[in-house]
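Just so we're aligned: the sequence shown equals residues 635 to 694 in my numbering.
Beta carbons are placed, not taken as given, at the ideal position from N, Cα and C, and that holds for glycine.
The model shown is predicted, which means the values in this text are computed figures rather than measured ones.
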Amino acid sequence: MIERHLERGARLARNPAAADDGEIILSSVWNGQQKAFMFYMTMLAVLIFVVQPDGDLRKG
635 MIERHLERGA RLARNPAAAD DGEIILSSVW NGQQKAFMFY MTMLAVLIFV VQPDGDLRKG
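Take a look at the structure:
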């Protein structure tokens, strides 16, 4: 199945007009932007949680 998509990707690279058959064009190389975004958002959420002051501690 992957080979079929790679062949179709190579064919579409030569002739982009061949994509008019309504099929979804898949990239042969996934760049990972979505996973990287999810990772950084998770790290940001953890950092925000960790730097919150603890209101239960008594002063003095």
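When the Cα atoms are used, what is the spatial distance from phenylalanine 673 to tryptophan 664? Between phenylalanine 673 and tryptophan 664, the C-alpha separation is close to 16 Å.
Distance, Cα to Cα, alanine 679 vs phenylalanine 671? 12 Å
So, helix, strand or coil for valine 684, using DSSP? Valine 684: helix per DSSP, three-state reduction.
Give me the Cα-Cα distance between leucine 691 and glycine 666, rounded to the nearest whole angstrom. The C-alpha of glycine 666 is placed about 42 Å away from the C-alpha of leucine 691.
In this structure, does DSSP put leucine 678 in helix, strand or coil? helix
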